[in-house]
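Novice: Sharing a structure here in structure tokens format.
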Amino acid sequence: MIIDLDGSELLRDYSGDIEQMLGSKMKSVKCYLKESLIPLCSLPLFQFDYYNSMFINTLDEDGNSVELGGEFPLEENEHFNKMPVNTQLSTIQVPTNVYNKDPKLLNAIYNSEAINDVFISNFQRDPTLTWQYFGSSFGFFRIYPGIKWTPDTNGVVAFDCRNRNWYIQAATSPKDIIIMVDISGSMKGLKMTIAKHTINTILDTLGENDFVNVIAYTDYVRYVEPCFRGTLVQADLDNREHFKLLVEELHVKGEAKIKNAMKESFKILNEAKKHKGSMCNQAIMLITDGAMEDFESVFEEFNWPERRVRVFTYLIGREMTFAQNTKWIACNNKGYYTHISTLADVQENVNEYLHVLSRPMVINHDHDIIWTEAYMDTVLFYTKAQSLLLMTSVAMPVFSKKKETLSHGILLGVVGTDVPLMEVMKLAPRYILGPHGYAFLLNNNGYILAHPDLRPLFKDGKKLKPKPNYNSVDLSEVEWEDTDEMVNMPKELGIKFFKIKSGCICFGMVLTKGHGSLMFTGNVSVEEGKHLDYTDIDPDHRKYTQYQAVIRYLQGKEPDLECDELLLQQTLFDAVVTAPLEAYWNTLMLNDRLEPGVETAFLGTRSGLMRLMRYVEIVSYRKFLTPSDKDNLFTIDHFPLWYRLAVENTPGSTYDSLLKINVPLTGVKYVIATTAVTVSSGERTAMAGGQFQCCSLVSFKTVDLSCFLVDNNGFILLSKERNDVGRFFGEVDGSVMASLIKMGMFKKVSLFDYQAMCKSSHHHTSSARPLLSVSLIVASQHLLTVMLFLLDFNLCGLWHSDYFVDAHKQKKVEALQPCDTAYPGFMYDSSIREANSLIKCGRCQKMFVVQQIPDSNLVLVVTQATCDCSPFLNIWKHNATVKCNRMKSQKVRRRPESCHAYHPKEDAKECGGASAISLSLPLFSASLLFSPVLLR
């Protein structure tokens, strides 16, 4: 039967399911408040042994367990990506720059032991939970289930939970930050190196809810990025990395004059209060080796008596001559002073400002729950589980409840758990939304958490790497603007939004009108379903394979199994209805009714079921429609391209696409032909197709003519010359292509890619091929006659390419940095069925005829081969938008609902002193240079 899909109803249902799921994760985090952390211990400091995740199951030379190690049972667990874990215990990770036996650290670890029981209880209550963790303000990281932590090749652990976005966002409210760095002559050498590292460390503590700018000063004020003069920019990953590159280019010169730079900073922050910025905390970070001026008048003018802008000072170098002045600035502006004499001091001292900014929230005991932007779980990334690459975290701060320290606002740490975004999107299944329908998630800044067109990875040589700006892609950068010039979908799209109450998350859904609003379903008996032959099904259950789970569910042996009953019913129905097709395919082969060159026939349905018939024992392209051929198979979040192309077209017509594979050594390319299979209502529910070896038009004995089969985007599917297949027709014969554009048979459209990766140079050569401008003249009757003869001729494998609109990427340039690109695409106007003309090319005239092939997306082009109209005129233009304008643009965003910038009970006298934590420079330098960055 045919059922109507109500978009509004689906939107409510899906958003409700997502809200319930996210709510359960938030509930798990809130459990820590009831029974987790004991208030900061008042007992004497003591020695306490714990499972250090780096040392567990490690033996010394004598075969004994190393200190803080011991035997720790680990088992591979499917739920945790087959990693060896212990679901009964958590482990402790301590970064290299923190002493793992510091008495205060041991005391804090002991106080957090109760969390382990909460971890276990949460996991038993909600088996869909993944990693749960507690990040302590002392630097240790408690993770459940327990794992063995692997350091880098130098034995260094650089991961510090206090630098992760989930920790920073939970510990502080949004903030506007101006970083002021002294670049006078006295800052040369190691001082400048430390200052740059301090800037970069501060930038790493910012997130997309924060705003920032960096000012360098001597006797004049210099913006590190002149484009950002007088304003603040969003501290997303792209902007932060941009600042880091510019900071590396700073050079010392002149004499330091802090007064003008301080005035400029206050003016920017005052302006930001009106309509830009975070509208919450504001702070100035002063990085200098000394403050000699009298700048009290600046504070009187801009900041006193309210002191709404905090000033944090970082005294660089071993000299303490100006320490008193530098500390005075911080203490009189509700900030914090630190002395940084080595690179090893930077991390711990920068972290101090986060504790200060968290004071108002801690004093209020406001346990605000935050959701992070999308990020990559490196454990999953390196195990190549790319379907689960993108994650989000839900986190909440934990405070000291001791009344005697209330005004100090002591932050104990942050608790949180990870949520794979793919698991969230499973609640809005693609098989219901249809081949062109989809769902997506956005955060409060309009940045994408999940979207089918988000491309977070790029290929660097043979390796896949995350793009620098993968988690700051705006919705407007993946959705096409609906203008007359743009390529629109054949069916109108409707977009609906819905805010998820469980955090600053928006859920959106697209449902195509027409075929997208209808779904063909049917019923089969349980007995029919039991006897179906299922193959190539991936495991999806901890205890059973998916096949085993389905059988046991149908037999009623596992009533507790959670099943998508609609999908199961639809798959069983499709399997029963399409079962006779294999006999039909066999009959074609036995009766010798199979077209030459056909190697494979296949059928796919909306539920994801596929039937396949190989007509030859060894197909030329062995990977096609095998489990490793991900592009051409159905997955939980993906309809294959050949299915989507067929759905777009009129039932009965054939859509032809070139398989983008060259078989090694043979150079053979393949064509897929698909057509829609319809039901009595006219709604398309499945499609049949085949894989064909590409045929050349070699039956013509004349060398005077060139013949091409060209698809609706201008790419060649068949030609006398095998090397022409897959190329843009304008590359092979630019004069004819230009004429077809002028005639209106092909329309040029502008396509944009806001997720592109380009070389450092803003103007690089593209791989797209040239067209020539030519004049049009009258047609040749002789060529028209020849062409009509060819159309009657039996051409094998007349089969398209939609996404060859992207074929300008055939020879992709090496990707180095994000950029925006514009490039041309071409669309065939099917209302023009034939065309012919004569082109004057100097001493010769070139004749051509073009004829549409009925019920397909192809045209046949016959040209005179003896007249060469070269040279070509390259129409490709790389259009990179000015990076400055994109980075400082203020897109529509929703600010976090809570802000904790001020509390009258705050004790501002705690404003810092000399650095108390030090680490050898070689050890910490090694951690900076060699340790991999964990993106949690």
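In terms of the working numbering, the sequence shown opens at residue 197 and continues consecutively. The beta carbon of each residue, even a glycine, is placed where N, CA and C say it ideally should be. This structure is a prediction, so every number in the text was calculated from the model and none was measured.
(1) Looking only at C-alpha atoms, which of 932, 224, 286, 557 sits nearest to residue 614?
(2) Using DSSP with H/G/I as helix, E/B as strand and the rest coil, what is residue 800?
(3) Out of 210, 391, 549, 304, state which residue places its alpha-carbon closest to the alpha-carbon of residue 1109.
(4) Suppose you measure from the CA of residue 206 to the CA of residue 625; what does that come to, to the nearest Å?
(5) If the criterion is Cβ atoms closer than 8 angstroms, does the pair residue 798 and residue 909 meet it?
(6) Just list the residues that DSSP pairs residue 334 with in beta bridges.
(7) Which of the three DSSP states, helix, strand or coil, is assigned to residue 760?
(8) Starting from the Cα of residue 832, find the closest Cα among 622, 952, 328 and give me that residue.
(9) Would you identify the three-state DSSP class for residue 420, choosing helix, strand or coil?
(10) Between which two residues does the alpha helix (DSSP H) harbouring residue 306 extend?
(11) Taking C-alpha atoms, which residue in 464, 408, 456 lies nearest to residue 440?
(12) Measure the C-alpha to C-alpha separation of residue 359 and residue 764 and round it to an integer number of angstroms.
(13) For residue 900 and residue 912, which I take to be in contact (beta-carbon distance under 8 angstroms), what is that distance rounded to the nearest angstrom?
(14) For residue 946, which residues does DSSP report across the bridge?
(15) Label residue 779 either buried or exposed according to how many other C-beta atoms from any shown protein chain fall within 10 Å of its C-beta, with 16 as the threshold for buried.
(16) If you pair each beta-carbon of the stretch 783-799 with each one of the stretch 643-655, do three or more pairs fall below 8 angstroms?
(17) Alpha carbon to alpha carbon, what distance is there between residue 517 and residue 554?
(18) Please name the residue, chosen from 939, 608, 568, that lies closest to residue 591 on a Cα-to-Cα basis.
(19) Quick check: what's the CA-CA separation for residue 201 versus residue 713?
(20) So, is residue 771 buried or exposed, given that buried needs 16 or more other C-beta atoms within 10 angstroms?
(21) Can you find at least 3 beta carbon pairs, one from the stretch 1023-1037 and one from the stretch 928-947, that sit closer than 8 angstroms?
(22) In chain order, what residues of the same chain lie with their CB nearer than 6 angstroms to the CB of residue 208, ignoring the 5 residues before and after it?
(23) Taking Cβ to Cβ, would you say residue 1160 is nearer than 8 angstroms to residue 381?
(24) What is the rounded straight-line gap between the Cα of residue 1015 and the Cα of residue 513?
(25) Identify, in the order they occur along the chain, each residue of the same chain with its Cβ nearer than 6 angstroms to the Cβ of residue 566, setting aside the five sequence neighbours on each side.
(26) If we ignore side chains and look at the alpha-carbon of each, how far apart do residue 475 and residue 1053 end up?
(27) With a cut-off of 8 angstroms on the beta carbons, I'd call residue 338 and residue 286 a contact; round off their distance for me.
(28) Report the rounded CA-to-CA distance for residue 340 versus residue 257, giving the unit in angstroms.
(29) Inspect the beta-carbon positions of residue 481 and residue 379 and report whether they are closer than 8 angstroms.
(30) Reducing DSSP to helix, strand and coil, say where residue 472 ends up.
(31) Taking the Cβ atom as the reference point for each residue, do residue 302 and residue 295 lie within a distance shorter than 8 angstroms?
(32) Please return the same chain residues whose Cβ sits closer than 8 angstroms to the Cβ of residue 505, not counting the five positions on each side in sequence.
(33) Tell me whether residue 208 sits in a helix, a strand or coil according to DSSP, three-state version.
(34) List the residues that DSSP assigns as beta-bridge partners of residue 483.
(35) Which residue marks the beginning of the alpha helix (DSSP H) containing residue 641, and which one marks its end?
(36) Taking the alpha carbon of residue 489 as the reference point, which residue from 596, 348, 415 has its own alpha carbon closest?
Specialist: Looking at the atomic coordinates:
(1) 224
(2) strand
(3) 549
(4) 11 angstroms
(5) No.
(6) For residue 334, which the question treats as bridged, DSSP gives no partner whatsoever.
(7) Coil, per DSSP.
(8) 622
(9) coil
(10) 299-307
(11) 408
(12) 45 angstroms
(13) That pair is no contact at about 19 angstroms.
(14) According to DSSP, which records beta bridges pairwise, residue 946 is partnered with 1020.
(15) exposed
(16) Output reads no: the stretch 643-655 does not touch the stretch 783-799.
(17) 31 angstroms
(18) Residue nearest to residue 591 within the set 939, 608, 568 is 568 (criterion: CA-CA distance).
(19) 5 angstroms
(20) buried
(21) yes
(22) none
(23) Nothing in the structure corresponds to residue 1160, since the chain is present only between 197 and 1132.
(24) 39 angstroms
(25) 365, 366, 591
(26) 54 angstroms
(27) 5 angstroms
(28) 30 angstroms
(29) no
(30) Three-state result, residue 472: coil.
(31) For the 8 angstroms CB-CB criterion, residue 302 and residue 295 do not form a contact.
(32) Apart from the 5 residues on each side of it in sequence, residue 505 sits with its Cβ closer than 8 angstroms to the Cβ of 462, 465, 478, 479, 480, 498, 499, 529 in its chain, given in chain order.
(33) helix
(34) 377, 510
(35) Per DSSP, residue 641 is not a residue of any alpha helix (DSSP H), being assigned neither H nor E.
(36) The option with the nearest alpha carbon to residue 489 is 415.
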